[in-house]
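Numbering (the working numbering), first residue to last: 2 to 145.
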């Protein structure tokens with residue numbers, strides 16, 4: 002049984018790369034996710050952007066859609082069990098691969114290693130992942 006603290010990565014990508022990537026030494030419950038969304042992610046999004054989220058319970062907190070709508074950001078929830086339609090899933094896979102490769106052995110090392118993995122994800126990766134998931138790739142589209 003894992004009795005250690007878990008490091009949660011919260012992040013968002015657009016076709017040009019990471020928008021934001023943060024670490025949290027707690028699980029992402031509704032309160033923590035809404036706090037991250039309002040303070041970290043939404044200030045970096047533009048009116049007309051589309052936020053695609055999976056079915057993590059924190060994503061469905063009743064406050065999420067209204068705070069996004071107030072900023073002019075549309076929310077789309079993916080169908081259950083549809084990681085192929087989520088362009089961020091391959092980014093998380095590369096992040097995890099990097100962390101496993103470096104095998105940090107302390108909380109401090111993990112907190113340093115996890116965000117450093119973000120530099121493995123390039124704009125080319127993101128464009129390909131969005132295209133593979135079937136999201137628009139025209140200039141001026143809401144996927145950035």
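For glycine and all other residues, C-beta sits at the position ideal for the given N, C-alpha and C.
Check, Outcome
"Terminal residues of the continuous alpha helix (DSSP H) containing residue 78?", "Residue 78 -> not in any alpha helix (DSSP H); beta strand (DSSP E) instead, spanning 75-78."
"Helix, strand or coil for residue 26, going by three-state DSSP, please let me know.", "coil"
"Roughly how many angstroms lie between the CA atoms of residue 79 and residue 85, to the nearest whole one?", "10 Å"
"Would residue 57 be called buried (16 or more neighbouring beta carbons within 10 Å of its own) or exposed?", "exposed"
"Identify whether residue 63 lies in helix, strand or coil by the three-state DSSP scheme.", "coil"
"Exposed or buried, residue 127, counting other C-beta atoms within 10 Å across all chains shown (16 or more means buried)?", "buried"
"On the DSSP bridge assignment, give the partners of residue 19 in chain order.", "14"
"Out of curiosity, what's the CA-to-CA distance linking residue 10 and residue 62?", "18 Å"
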